[in-house]
Amino acid sequence: MHIEKFNAAVMQQATQWRRALGMMLGMMLALVLCVAGLGTVGVSSAQAAQDSAVQGKTFKIATDTTFAPFEFRDSNGQMVGIDMDLVHAIAKDQGFNVQIQSLGFNAALQAMSSGQADGVIAGMSITDERKAIYDFSDPYFQSGVQMAIAKNNDEIKGYEDLKGKTVVAKTGAEGEAFAKKNAAKYGYTVKSVDQSATMYEMVKSGNADAVVDDYPVLAYGIQQGNGLKTVTPKVPGGSYGFAVNKGKNADLLKAFNAGLANLKKSGEYDRILAKYLGEGSTVKPENAESTAKKSFIDLAKDSFPALMTGLRNTLLITAISFVIALVLGIVLGLMRVSPNRPLSWIARVYVAVFRGTPILVWAFFFYFGIPQIIGHSINIWVAGALTLSLNSGAYLVEIVRGAIESVNAGQMEGARSLGLSYNQAMRKVILPQAVKIGTPAIINQLVIMLKDSSLLLAIGFGELLYQAQQIYAANFRVTETLLMVGVIYFVAITLLTWLANIVDRRMNKR
Numbered sequence: 002m003h004i005e006k007f008n009a010a011v012m013q014q015a016t017q018w019r020r021a022l023g024m025m026l027g028m029m030l031a032l033v034l035c036v037a038g039l040g041t042v043g044v045s046s047a048q049a050a051q052d053s054a055v056q057g058k059t060f061k062i063a064t065d066t067t068f069a070p071f072e073f074r075d076s077n078g079q080m081v082g083i084d085m086d087l088v089h090a091i092a093k094d095q096g097f098n099v100q101i102q103s104l105g106f107n108a109a110l111q112a113m114s115s116g117q118a119d120g121v122i123a124g125m126s127i128t129d130e131r132k133a134i135y136d137f138s139d140p141y142f143q144s145g146v147q148m149a150i151a152k153n154n155d156e157i158k159g160y161e162d163l164k165g166k167t168v169v170a171k172t173g174a175e176g177e178a179f180a181k182k183n184a185a186k187y188g189y190t191v192k193s194v195d196q197s198a199t200m201y202e203m204v205k206s207g208n209a210d211a212v213v214d215d216y217p218v219l220a221y222g223i224q225q226g227n228g229l230k231t232v233t234p235k236v237p238g239g240s241y242g243f244a245v246n247k248g249k250n251a252d253l254l255k256a257f258n259a260g261l262a263n264l265k266k267s268g269e270y271d272r273i274l275a276k277y278l279g280e281g282s283t284v285k286p287e288n289a290e291s292t293a294k295k296s297f298i299d300l301a302k303d304s305f306p307a308l309m310t311g312l313r314n315t316l317l318i319t320a321i322s323f324v325i326a327l328v329l330g331i332v333l334g335l336m337r338v339s340p341n342r343p344l345s346w347i348a349r350v351y352v353a354v355f356r357g358t359p360i361l362v363w364a365f366f367f368y369f370g371i372p373q374i375i376g377h378s379i380n381i382w383v384a385g386a387l388t389l390s391l392n393s394g395a396y397l398v399e400i401v402r403g404a405i406e407s408v409n410a411g412q413m414e415g416a417r418s419l420g421l422s423y424n425q426a427m428r429k430v431i432l433p434q435a436v437k438i439g440t441p442a443i444i445n446q447l448v449i450m451l452k453d454s455s456l457l458l459a460i461g462f463g464e465l466l467y468q469a470q471q472i473y474a475a476n477f478r479v480t481e482t483l484l485m486v487g488v489i490y491f492v493a494i495t496l497l498t499w500l501a502n503i504v505d506r507r508m509n510k511r
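Taking the working numbering, I'd label the letters of the sequence shown as residues 2 to 511.
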């Protein structure tokens, strides 16, 4: 073939590739924009407190995600509960603003330690061990623990019947400490998990025989139809407190105590407790009927706005991360096959590091570790995009390398014999052919990235599975909620794969 005709052909192929890639990303963006729902961050209104050192300031307050009735999301997706109402009322009383970060208990503590949050309110028991690390407010709730079993279980009457059985408790909670303390005495095994809803599902499914949890949380779950029943009296426990890092945010802690005292004096504190707890610690939410009475259709209607917000966030973070990962994959993939050894070595190290470590490690590192190193907080979207793109970029490097090496070696030799330099031959001859070979694997990596985005719930990113957790944390309809999430993921991935395959066919003219 004449060199001019040859160059024109390969340039036309490269142009088609760029146009197809742009079309693919454009369709992904259109899919994102079609998803309904808007997420909001709760910020309390501030009322002047003329002598308060915190007046007008905004504080980031981290909390748990699944600890009803202290913190959970209502049908509108808003964080509510005893802790939420208290902190908003105290902020209003003292004239400061709050931004709530719903992360999970352990992640909330890490966020505060790394400087991503100023304080934590999450049904946190005040203990001597924690006092060595955190400064606590005056107690705002007297806690205690209780044991529950499946409603249809008539064998277990008390702790004496637990010999050889499995008891589940929440990681870091007072119930876990109580369960472990008495495990040897009664001969049972303790299994710790992160969420109350997960514990209850384990007991109902037979994967655990009993659960030990804070009594108001158990009572709320039973009221909402979680399928359990209590079989032991309440064991008085410690107190809940608002926490800040040791020696820091003293003004915020002082304002919290002053506001709490004012709420108790005015009667607002009692009204907040009465809103979620009835006489004798029987839970009676004043504005909610039992979700056990709702049909699956009603549950789906109530959950739709929050799930669509999660889907929108999932698609958007995936699109952003995929663009970054694709650029990394192409650049480092070319470095990987480069005859320049230092460049090839750099690409090898990158691939080895990010393929050889779990993605969750990087999520925690970028969101909690980096702020401690640089002394500045990192936006959760930035942390999420870095996590997904750097992890997927390592796999795309190998996809690009494999595609390039799959091109017949004679193509490079022929191009060089026609007078093209190595870079020209790679750009005009090898890469257009490698794109055809590697496109199916790149599409597959996009689908994997979409599913991997669910791991970002560990740092509190509001993706689809995170929103599902918020829903079943309040209504305890775990199986039905996860079924809806599975259907949404299936539809989204099917549509995305269909769109990507259209791009692939147009680009390769199949």
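Beta carbons: idealized from backbone N, C-alpha and C, even for Gly.
TODO: Measure the Cβ-Cβ separation of S454 and I347 and say whether it is below 9 Å.
DONE: Contact flag unset, no.
TODO: Scan the region 73-147 and note each continuous alpha helix (DSSP H) run of 4 residues or more that stays entirely inside, going in chain order.
DONE: You should have 83-95, 106-114, 129-132.
Task: Cβ-Cβ distance between G105 and H377 below 9 Å - done: In terms of Cβ geometry, G105 and H377 do not form a close pair [threshold 9 Å].
Task: Which listed residue (N183, M200, G222, G145) has its alpha carbon closest to that of A69 - done: Checked all of N183, M200, G222, G145; the closest Cα to A69 is G222.
- [ ] Use the C-beta contact count for E414: other C-beta atoms within 10 angstroms, 16 or more gives buried, fewer gives exposed.
- [x] So E414 ends up on the exposed side.
- [ ] Report the rounded CA-to-CA distance for V212 versus A220, giving the unit in angstroms.
- [x] Using only the alpha carbons, I get a separation of about 12 Å.
Open item on the list: Could you pull the DSSP bridge partners for L231 from this structure?
Closed with: Position check: residue 231 holds Thr in this sequence, whereas Leu was assumed. Under DSSP, T231 takes part in a beta bridge, and its partners are A149.
- [ ] Under 7 Å Cβ to Cβ from N258, same chain only, skipping five residues before and after it: list those, please.
- [x] Excluding positions up to five away in sequence, the list reads S138, D139.
Task: C-beta atoms of A92 and G260 nearer than 9 Å - done: Cβ distance < 9 Å, so A92 and G260 count as in contact.
- [ ] Using the Cα positions of V486 and L465, report the straight-line distance between them to the nearest angstrom.
- [x] V486 and L465: Cα-Cα distance of roughly 7 Å.
Task: Secondary structure of A256, DSSP reduced to three states - done: Assigned with DSSP and collapsed to three states, A256 falls in helix.
Open item on the list: Going by DSSP in three states, L421 sits in which element: helix, strand or coil?
Closed with: Note: L421 maps to coil in three-state DSSP.
Task: Beta-carbon proximity of A174 to M113, cut-off 9 Å - done: No, they are not a contact pair.
Task: Opening and closing residue of the alpha helix (DSSP H) in which G239 lies - done: If you look at G239, you'll find it isn't in any alpha helix (DSSP H); it sits in the beta strand (DSSP E) that goes 236-241.
- [ ] Evaluate the contact criterion for the region 381-390 versus the region 356-364: three or more CB pairs, one atom per stretch, below 8 Å.
- [x] With the rule of 3 Cβ pairs closer than 8 Å, the region 381-390 counts as touching the region 356-364.
TODO: Say whether the region 121-138 touches the region 236-243, bearing in mind that this needs 3 or more beta-carbon pairs closer than 8 Å, one atom from each stretch.
DONE: Yes, they touch.
Task: Proximity to D210 [Cα-Cα], best of M200, Y490, V236, V448 - done: From the listed residues M200, Y490, V236, V448, the smallest Cα separation to D210 is found for M200.
- [ ] Could you tell me the distance, in whole angstroms, from the CA atom of V44 to the CA atom of A185?
- [x] For V44, the predicted structure reports a pLDDT of 38, less than 50, and the residue's modelled location is therefore unreliable. A value from the coordinates is still provided. Using only the alpha carbons, I get a separation of about 46 Å.
TODO: Measure the beta-carbon distance from K205 to Y189 and round it to whole angstroms, keeping in mind my assumption that it falls under 8 Å.
DONE: Their Cβ separation, rounded to whole angstroms, is 18 Å, which puts K205 and Y189 out of contact at 8 Å.
Task: Length of the line joining the Cα atoms of I157 and L458 - done: Spanning the alpha carbons of I157 and L458 requires a straight line of approximately 36 Å.
- [ ] Thinking Y490 and Q446 are a contact (beta carbons under 8 Å), I'd like their distance in whole angstroms, please.
- [x] The pair is not a contact, with the Cβ atoms about 17 Å apart (cut-off 8 Å).
Open item on the list: Need the endpoints of the beta strand (DSSP E) that A170 sits in, please.
Closed with: Its beta strand (DSSP E) spans residues 167-171.
Open item on the list: DSSP three-state label for S193, please.
Closed with: Reduced to three states, the DSSP call for S193 is strand.
Task: 9 Å Cβ cutoff met for I405 and M427 - done: Against a cut-off of 9 Å, the Cβ pair of M427 and I405 comes out as a contact.
Task: Spatially closest choice to D119 from A170, S339, N98, by CA coordinates - done: Of the candidates A170, S339, N98, the residue whose Cα lies closest to the Cα of D119 is N98.
Task: L496 burial status per 10 Å Cβ neighbour count (16 or more: buried) - done: L496 counts as exposed, since fewer than 16 other C-beta atoms from the protein chains shown sit within 10 angstroms of its C-beta.
Task: Range of the contiguous alpha helix (DSSP H) that encloses N314 - done: Following the DSSP letters along the chain, one finds N314 inside the alpha helix (DSSP H) bounded by residues 297-337.
Open item on the list: Let's test the definition: count the other Cβ atoms within 10 Å of the Cβ of N153 and tell me whether it reaches 16, buried, or not, exposed.
Closed with: Label assigned to N153: exposed.
TODO: Check the C-beta distance from A198 over to Y473 and give it rounded, since I have them as a contact under 8 Å.
DONE: About 5 Å separates the two Cβ atoms, so the contact holds.
Task: Alpha carbon of V436 to alpha carbon of I321, nearest angstrom - done: Spanning the alpha carbons of V436 and I321 requires a straight line of approximately 21 Å.
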